[in-house]
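With this note's numbering applied, the sequence shown closes on residue 221, and no number is skipped along the way.
Backbone N, C-alpha and C define an ideal beta-carbon position, used for all residues, glycine too.
This report refers to the structure that appears directly beneath it.
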Amino acid sequence: MQTPDSTNQPTTTRQVISIVLGLVLGIAFFAGVVYFIKADRDKTRALILKNPGYATGIITRRRTYKGRRVTVQYTVAGAEYSLRARVTRNFLRTHQKGDTTAVIYSKADPSSAILKAKLRPSTN
């Protein structure tokens, strides 16, 4: 006596199209999210560099796992701000907790800041 072979049905064209369409939509959604994150980061960076202020910050935390990151405390006009930023492996090798680093902030909004070390050198 044979058992029905219900688990090995051939894939239909409709199923293949559904799978391909699902993959395409998933990839498009992911690409859109990445695009908008980068656009927001570039907008914030442009705002900071439009009218920059400079401060010296103190590294209060280093994280070497789950993405390299530092937390930097800096002071502008008597108010203290905190900045969390991803950094390169080389930055972590050369900077320890308690070291100082340069911070560039927006004069319009001092809570928006970037590390000077993250700026690329000019190619001009």
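Using a Cβ-Cβ cutoff of less than 8 Å, which residues in the same chain neighbour residue i once the five nearest sequence positions on both sides are dropped?
{"i": "K194", "result": "I156, T157, R158 and R159"}
{"i": "L189", "result": "R159, T161, R165 and V167"}
{"i": "T153", "result": "Y171, T197, T198, A199 and V200"}
Taking just the CA atoms, how far does residue j sit from residue i?
{"i": "S203", "j": "T141", "result": "9 Å"}
{"i": "V200", "j": "T110", "result": "57 Å"}
{"i": "A136", "j": "A210", "result": "16 Å"}
Is residue i buried or exposed, if buried means 16 or more other CB atoms sit within 10 Å of its CB?
{"i": "Y132", "result": "exposed"}
{"i": "L216", "result": "exposed"}
{"i": "T198", "result": "buried"}
{"i": "V113", "result": "exposed"}
{"i": "G175", "result": "exposed"}
For residue i, which of the options has the nearest alpha-carbon?
{"i": "N148", "options": "A214, T185 and A205", "result": "A205"}
- Please list the segments of the alpha helix (DSSP H) lying wholly inside the segment 133-217, counting only runs of 4 or more residues, in order along the chain. DSSP runs (the alpha helix (DSSP H)) wholly in the segment 133-217: 186-191.
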